[in-house]
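Report on the structure given below.
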Amino acid sequence: MAALEFGVWNFLGFWVLGFGVCILISHLDRKLWRDLNRMKGQAIAVALVMACGLAMLTMSRSLIQSLESTRAEYYEANRFADVFAHLKRAPNSIADRVAQIPGVAGVQAGLAVSVTLDIPGLDEPASGQVRSLPDRGEPDLNRLYLRAGSWLAPGSRGEVLVGEAFAKANRLKPGDHIAMLLNGRRQDFRIVGIVLSPEFIFESRPGAALPDNRTYGIFWMPYEEVAKAFDLYGAFNYLALRLAPSSGSGAAVPAATRPLAVPAGGAAGETPARQVAARRAAPLHTSERAVIAEVDRLLATYGGRGAYGRSDHPSHIRVSDEIRVLTTLSIGFPVVFLSVAAFMVNAVLSRLLNLQREQIAILKAFGFANRDIVLHYLKFAFVIVAVGLVIGALGGLLLGTRLVKMYEMWFRFPELHFQFARSALVAASFVGVLAAFVGVFNAVRRAAKLPPAEAMRPEPPANYRPSLVERTGIAKFLSHTFRIAMRNIERRPMQALFTVAGLALATGILIVPNTFRDSVKHILGFQWDVLEREDLSVGLIEPTSAKVTHLFEQLPGVVAAEPFRVTPVRLRFGHRTRQLAIRGMTAQGIQTRIIDKSMREIPLPVNGVVVSAKLAEVLDARVGDLLTVETLEGKHIVRSVPLVGLADDLAGITAYMERFALNRFLEEGDVVTGANLTVDTARRAEFLRELKGIPRVSWVAIKESLRENFRKTTGASINLIQMIYLTFATVVAFGVVYNNARISLAERARELATLRVIGFSQREVGGVLVTELVILALVAVPFGLLLGTGFATGIISMVNTETVRLPLVLTAHNYAFATLVVAVASTLSAILVLRNLKQLDLVSALKAPE
């Protein structure tokens, strides 16, 4: 890390040094530094605005590189599989047949079973999944990384490895004991090690979009112990496959010649970098789709639940979604901020050139070529870029380091270090220079084309005819200050337009960060109070008769119980497919509601399916289309079902059917897999104690725990990003307003001095400037709020993923905050400008230019 930072600073140092050498070759340098010193306030404002955009660009691109490279190295070092499959039960000989499928490089067969837990100090019943490990040696695929403690001893019994997320959430450490219900039989186990797995970088219960690490964990035990407990000896119910790279002809490379990762040393150490590079350079994998189809065919008679590739793996999806969000933010916000910076550079240079017409003419008269003058004013812009780049790089480094620590809390990597992306720094330099060049191009071109004789003459006087307000006849009710301000605005319409545009941008960018905050608040209420009104959900180990609902109703404190049926399916529309769980709900249920985007409840029909709006978008399906539903357990039924509604849910993607209709589709009786429960708060503790003793319970999802987990993980990350962007947006708003106020003072120095000489008081002259600023701000703010609404709509829509979706929430508080910030920025800028106005040298300002 130290070496990387040293390299970054060397790069920055050489960049700034090279730029310094470049600017020292010009005879106009002293003028350049005098201009910068005189306009240092405006130059700093522009540099800070540019630094905000560059900091976000370098921060987000560096975070993307950190996550992508860390994940790729972790996958390679620990041999993460390419294809996965769950099934009911198959003899181990079937795994050998799977290994013979063309394109399969390796197979890891094992057991994955659900268990309930009794954790000391935890009131809620916990659940988890136990994975088997080979009784001898380490697994070929999905190898574990030992974080603390030791590995399972050969032939050991009563020992278990536990995933780090669950261990940290429950403060478990090696040597602690936990109780598990294995196939209805309670057993005590000693934790010997805390581990990580590439399969569970993001630990969550299957089918759940959000984690609950306090009540759900992953465990590893020897194969023999798990198999005997569940009567699965000599069989497997989980399969992981590694695909072979494809040769140029499309044939699989023979296993003997395939490049393999070196086995991890010690506690699953990292693969050497050269092997990671070789793996990345290897040819593309053999057709994943063909392998999956063949695996499904082989496992169909053994209760296969549908194989799927790495791209559909829940943990992989969650990390990929985060990278996708960062990618969007690395484009959206920097583009907006750097556009504002380019606009400000253009405003500063354009008005500086107008003020220096006579100086340009004198320079040309003394023999300076057009290219010298062009280079001189380009240097002005590039000095600002250099300052903005240095500040932006520092800001990106500091903020990225903080954000990567947040990712360490909920993405479980052996190591996750912030990697400052040099490519991002180069891109930031290029973007900053491009923004400055675009900003000053027209202004500099005008300077080069200005003939000396024309430049020596003052600008033609403006038309001082009465303003539109005065021509309406209401001028007699207005003060002299207001009338002068209106005349100035009307006689310089383009400058007024640019000022309004700058203030509108400053207002608009303030809308976006607070939209993220309001969206999180909306999810916390809407998802868990409007859609999911139960207190908790309970899942069963096996589908069973709906009569089990009466058992739940008899538990102490249960007010209401609504059964549901969940079954894995593959939804297909056209060439697009998604593998997920379809949820059979009670038609007139009140625990879980299905709401559309108009906040109307969608009744479940006796024939048809309702899906998440995001799922319909992924499948490119619309209401009325026929979806192909293929069940992945039981009889493997394939039928077409009409899409009858789109649910506006915010977490995960789900399909809903009426429970009896789903059971008819599955050709089964009245079967359920769990229930939603409402529990009397006063008897909650008693209810939870009783629930722990029911062996049929596979998992428990408590609404408040899910809400709190969302608040601490996804919500916390969004809020942190929101605070960073809000700070940047506020800096930009102040910079834009202050820059416009200072430019206005510089342009009007002669006019304001004239007003002072003819008898206007200091207060009245200052009132002209302030009145102009207020009028322009009043015009700009409504346009800014409209512009900010567009920014927020575009960015929110781009960051929505299948895991979590942020609704577009635009509140009066958000608009009021943006207006208030611009008002405060205008007030402070006015105070600073008025202070400078007091220092105005009337004699110098009134000197004739000639």
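Under the numbering used here, the final residue of the sequence shown carries the number 1034; numbering is consecutive throughout.
Even glycine gets a Cβ: it sits at the ideal position worked out from N, Cα and C.
Remember, predicted model here, so these are calculated numbers, not experimental data.
Collapsed DSSP secondary structure at residue i in the structure displayed
i       : result
Thr911  : helix
Gly516  : helix
Phe403  : strand
Glu454  : With a pLDDT of 38 at Glu454, under the threshold of 50, the predicted position of this residue should be treated as unreliable, and no value is reported.
Ser1010 : helix
Tyr417  : coil
Glu746  : strand
Val346  : strand
Gly899  : helix
Phe1001 : helix
Thr862  : strand
Ile905  : helix
Ile378  : strand
Arg760  : strand
Residue environment, residue i, which counts as buried when at least 16 other CB atoms sit within 10 Å
i       : result
Met678  : exposed
Ser1010 : buried
Ala452  : At Ala452 the pLDDT is 37, less than 50, meaning the model places this residue with poor confidence; the figure from the coordinates comes in the next sentence. Buried, by the Cβ-count rule.
Met528  : buried
Met364  : buried
His497  : buried
Gln711  : buried
Val743  : exposed
Tyr417  : exposed
Val503  : buried
Val532  : buried
Leu810  : exposed
Asp372  : exposed
Lys781  : exposed
Phe682  : buried
N-terminal and C-terminal residue of the alpha helix (DSSP H) that residue i is part of
i      : result
Val881 : Premise fails: Val881 lies in the beta strand (DSSP E), Val881 to Ile886, not in any alpha helix (DSSP H).
Gln249 : Lys224 to Ala261
Ile568 : Asn554 to Trp594
Glu975 : Reading the sequence as shown, one finds Phe at residue 975 and not Glu. Counting along the chain, the alpha helix (DSSP H) containing Phe975 begins and ends at Gln946 to Val983.
Val684 : Pro677 to Gly692
Asn847 : Arg843 to Phe849
Glu870 : Arg868 to Lys876
Glu817 : Here Glu817 belongs to no alpha helix (DSSP H), and DSSP marks it neither H nor E.
Leu992 : From DSSP, Leu992 is part of no alpha helix (DSSP H); its letter is neither H nor E.
Leu483 : Glu472 to Leu483
First and last residue of the uninterrupted beta strand (DSSP E) at residue i
i      : result
Gly723 : Leu720 to Ser729
Pro826 : Val822 to Ala831
Gln738 : Here Gln738 belongs to no beta strand (DSSP E), and DSSP marks it neither H nor E.
Lys272 : Val267 to Pro275
Arg701 : Premise fails: Arg701 lies in the alpha helix (DSSP H), Ile695 to Gly709, not in any beta strand (DSSP E).
Arg331 : Tyr329 to Gly333
Val793 : Val793 to Ser796
Residue nearest to residue i in terms of C-alpha spacing, selected from the options
i       : options                           : result
Ala229  : Ile303, Gln738, Ala913 and Thr665 : Ala913
Leu522  : Lys781, Leu618 and Val958         : Leu618
Phe700  : Phe566, Glu851, Tyr909 and Thr812 : Tyr909
Gly808  : Ser796, Val794, Val802 and Pro826 : Pro826
Thr987  : Glu478, Asp833 and Thr761         : Asp833
Ala239  : Arg767, Ala392, Ile575 and Ser311 : Ile575
Gly919  : Leu694, Phe566 and Arg218         : Leu694
Ala491  : Ile544, Phe552 and Tyr422         : Tyr422
Val291  : Gly978, Ala925 and Phe420         : Phe420
Ser298  : Ser277, Lys215, Ala235 and Ala411 : Ala411
Gln540  : Ala885, Leu969 and Arg218         : Arg218
Ala1014 : Ile927, Leu306, Met982 and Arg273 : Ile927
Beta-ladder partner(s) of residue i, from DSSP
i      : result
Met364 : Leu301 and Gln371
Ala765 : Pro752
Arg426 : Gly290
Ser311 : Thr300 and Tyr400
Ser613 : None, per the DSSP bridge assignment.
Gly493 : Val267
Glu716 : Thr776
Tyr922 : Answer is none; Tyr922 lacks a bridge partner.
Ser504 : Ser504 pairs with nothing; no bridge assigned.
Distance cut-off 8 Å: residue i Cβ against heavy atoms of the ligand FAD
i      : result
Ser381 : Ligands in the displayed structure: none, and consequently the ligand FAD is not present.
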